[in-house]
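Peer 1: For what it's worth, our numbering labels the leading residue of the sequence shown as 10, then goes sequentially.
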Amino acid sequence: MMARTRAASPASAPIRPGPPGPWRSGTGWALPALAALFTQGCELTEITVAQPEDVIIAEVQVVLTLDADGAGDVSMSALALLHRTFQAGGSRKVRGATVRVTGQSGQVVRLVEQETASTCLIPRDEELTIKGGVLEPFDDASCYRADQAGSPFSPGEPLSMEVVVPDGRVLTGASRTPGAFSFIGLTREDGQCRVEPDTHYGFEWTPSEGTWAYIADSRIEGLAEALAGQDIEAPDSLYLSALAIGREDTEIVFPHDFGLFDFFDDDIQDVIRALEDGLPGDTRAAVSLSAVDRNLTNWARGGNFNPSGLVRIPSVLGDGTGVFGTGVQRIVSIVSAPGGDGVPPLCGPPAAT
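#1: Starting from the Cα of L252, find the closest Cα among E242, L269, G331 and Q239 and give me that residue.
#2: Answer with buried or exposed for Q113, where buried requires no fewer than 16 other C-beta atoms within 10 angstroms of its C-beta.
#3: Judging by CA-CA distance, which residue of S299, R321 and R303 is the nearest neighbour of A309?
#4: Hey, is the region 320-334 in contact with the region 234-254, meaning 3+ C-beta pairs nearer than 8 Å?
#5: What's the C-alpha gap between R93 and V72?
#6: Per DSSP, what kind of secondary structure is W214 in: helix, strand or coil?
#7: Considering only the beta carbon of each residue, do G219 and P167 sit closer than 8 Å?
#8: Give me the Cα-Cα distance between K102 and Q116, rounded to the nearest whole angstrom.
#9: My output table needs one value for C356: the three-state DSSP class, helix, strand or coil.
#10: Alpha carbon to alpha carbon, what distance is there between R256 and P216?
#11: When the distance is taken between beta carbons, is R104 closer than 8 Å to S169?
#12: My guess is that I241 and V280 are in contact by the Cβ rule of under 8 Å, so how many angstroms apart are they, rounded?
#13: Below 8 Å on the Cβ atoms is my contact criterion, and I expect V83 with L75 to pass it. Report the Cβ-Cβ distance as a whole number of Å.
#14: Checking 8 Å against the spacing of the C-beta atoms, do G336 and Q70 come in under that value?
#15: Just list the residues that DSSP pairs R339 with in beta bridges.
#16: Can you tell me which of R282, S227, T292 and D176 puts its alpha carbon nearest to the alpha carbon of F8?
#17: Beta carbon of L355, beta carbon of P289: below 8 Å?
#18: With a CB to CB cut of under 7 Å and the five nearest residues on each side skipped, what residues in its chain are close to T196?
#19: Give me the Cα-Cα distance between H265 and G211, rounded to the nearest whole angstrom.
#20: Quick one: is G177 buried, meaning 16 or more other Cβ sit within 10 Å of its Cβ, or exposed?
#21: Quick check: R339 and L305, are their CB atoms within less than 8 Å of each other?
#22: Any idea if D302 is buried or exposed, counting beta-carbon neighbours within 10 angstroms, 16 or more meaning buried?
#23: Can you tell me whether L247 is helix, strand or coil according to DSSP?
#24: So, for I261: in the same chain, excluding its five sequence neighbours on each side, which residues have a beta-carbon less than 7 Å away from its beta-carbon?
#25: Buried or exposed: T362, going by 16 or more other Cβ atoms within 10 Å of its Cβ?
#26: Using the three-state DSSP reduction, which class does F192 fall into: helix, strand or coil?
#27: To the nearest angstrom, report how far apart T111 and L88 are at their CA atoms.
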């Protein structure tokens, strides 16, 4: 962020009494003469201050979750955050909207309005963020959501989205969901596998057709106790992410490649350094890998240096702006423990870093 400075304006400067003089005399000519001096050759211009425009922003995403063990089952989560850029004297939430997602097959899913925006968000270190880091923390918004165990949509299917606001405004968007992908060389049972303590595992997967980026999320549990012996203060639960850009970038090492975007957080720097040695023993983690489309990638892109922050490219048209994006994900649960009875199979050979 760029620091801003503000010079003091004459209107805000203190008024101090000046020395006696003609402008302060009681002769009666001083003020008229001053007025005449400043109005010669000048005209007063009427200035109209425009009111901020009330624009609807729709941030909508559909994520298909593939079965952990490759059985072919697909579940779906669709969510939307709707908010206004400006609402004089009131909330920026958008209540009573109709949000629909339609597949090429003709299947329609209607997103249901939730009580609070937190229904569309998950906890992250006592803050709020959307899974995958796609949508920003924002509680003054309306959440609409739909979840189905059996997805009506398939990987690679074109989808369309429509938001109809009670005042008649309509927003639309379109996306083709990324294609299905599979992990390569990963051994798991009931969606779980293990790594030896203080080692890394290298995820590798087949390319997903139509994807622009892969977002990897992890939530590691049990770090406080595991790192206490190293005199490191750690949260018991830590959320870290990693990113791979482009369809062919299909390798990520866990946990080595996670936490790059969080490293400058002073509270967890020592924890991230400790994870460079591998996943500590007696910890567990849920790791999700999501292939995301062009729309989501462009909405959260960093771009070149920009003092204003992220460079967002919208994909929502009509009476507003925003993003309608899609993703396909797989989730794996990992435990860090030695081999033995009752533990999941080894994910695979440890990765060199």
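C-beta: ideal position from N, C-alpha, C; glycine also.
Peer 2: Taking the definition as stated:
#1: Translated into the one-based positions of the sequence shown, residue 252 becomes position 243. Of the listed residues, the one whose Cα sits closest to L252 is L269.
#2: What you label residue 113 is simply residue 104 of the sequence shown in a count that begins at 1. Per the 10 Å Cβ criterion, exposed.
#3: The sequence position of residue 309 within the sequence shown is 300, counting from 1. It is R321 whose Cα lies nearest to the Cα of A309.
#4: no
#5: In the sequence shown, the residue the question calls residue 93 occupies position 84. In the sequence shown, the residue the question calls residue 72 occupies position 63. In a straight line, the C-alpha of R93 is about 24 Å away from that of V72.
#6: Taking the sequence shown and counting its residues from 1, one reaches residue 214 at position 205. W214: strand per DSSP, three-state reduction.
#7: As a working mapping, residue 219 is identified with position 210 in the sequence shown. As a working mapping, residue 167 is identified with position 158 in the sequence shown. In this structure, P167 does not lie closer than 8 Å to G219 by Cβ.
#8: As a first step, residue 102 is located in the sequence shown; it is residue number 93 there, counting from the start. As a first step, residue 116 is located in the sequence shown; it is residue number 107 there, counting from the start. Between K102 and Q116, the C-alpha separation is close to 28 Å.
#9: As a first step, residue 356 is located in the sequence shown; it is residue number 347 there, counting from the start. C356 falls in the coil class under three-state DSSP.
#10: Locating residue 216 in the sequence shown gives position 207, where the first residue counts as 1. Locating residue 256 in the sequence shown gives position 247, where the first residue counts as 1. Approximately 6 Å between the Cα atoms of the pair.
#11: The residue given as residue 169 occupies position 160 in the sequence shown. The residue given as residue 104 occupies position 95 in the sequence shown. No; because the gap between Cβ atoms is not below 8 Å, this pair is not in contact.
#12: In the sequence shown, counting from the first residue as 1, residue 241 sits at position 232. In the sequence shown, counting from the first residue as 1, residue 280 sits at position 271. Contact between I241 and V280 holds: their C-beta atoms lie close to 6 Å from each other, under 8 Å.
#13: On the sequence shown, residue 83 is found 74 positions in, with the first residue counted as 1. On the sequence shown, residue 75 is found 66 positions in, with the first residue counted as 1. With a beta-carbon spacing of about 6 Å, V83 and L75 fall inside the 8 Å limit used to define contacts.
#14: Position 327 of the sequence shown, counted from the first residue, corresponds to residue 336. Position 61 of the sequence shown, counted from the first residue, corresponds to residue 70. The answer is yes: Cβ separation under 8 Å.
#15: Here the question's residue 339 lines up with position 330 in the sequence shown. L298.
#16: The chain is shown from 10 up to 362; residue 8 falls before or after that span and cannot be answered.
#17: Here residue 355 corresponds to residue number 346 of the sequence shown, with the count starting at 1. Here residue 289 corresponds to residue number 280 of the sequence shown, with the count starting at 1. Their beta carbons are not under 8 Å apart, which means L355 does not touch P289 by this criterion.
#18: For the purposes of this step, residue 196 is taken as the residue at position 187 of the sequence shown. Answer for T196: C202, P354, L355, C356 and G357, listed in chain order.
#19: Against the sequence shown, residue 265 aligns to sequence position 256. Against the sequence shown, residue 211 aligns to sequence position 202. Near 9 Å, if we compare the C-alpha coordinates of G211 and H265.
#20: As a working note, residue 177 is residue 168 in the sequence shown. Exposed, by the Cβ-count rule.
#21: For the purposes of this step, residue 339 is taken as residue 330 along the sequence shown, with counting starting at 1. For the purposes of this step, residue 305 is taken as residue 296 along the sequence shown, with counting starting at 1. Contact flag unset, no.
#22: If you number the sequence shown from 1, residue 302 lands on position 293. Burial call: buried.
#23: The residue you call residue 247 lines up with position 238 of the sequence shown. In this structure, L247 counts as strand in the three-state DSSP scheme.
#24: As a first step, residue 261 must be located in the sequence shown, where it is residue number 252. For I261, where only same-chain residues beyond five positions count, the Cβ hits under 7 Å are F212, A225, A251 and A253.
#25: Here residue 362 corresponds to residue number 353 of the sequence shown, with the count starting at 1. Exposed, because fewer than 16 other Cβ atoms sit within 10 Å of the Cβ of T362.
#26: Locating residue 192 in the sequence shown gives position 183, counting from the first residue. Note: F192 maps to strand in three-state DSSP.
#27: Working through the sequence shown from its first residue, we reach residue 111 at position 102. Working through the sequence shown from its first residue, we reach residue 88 at position 79. Their backbone Cα atoms lie some 14 Å apart in a straight line.
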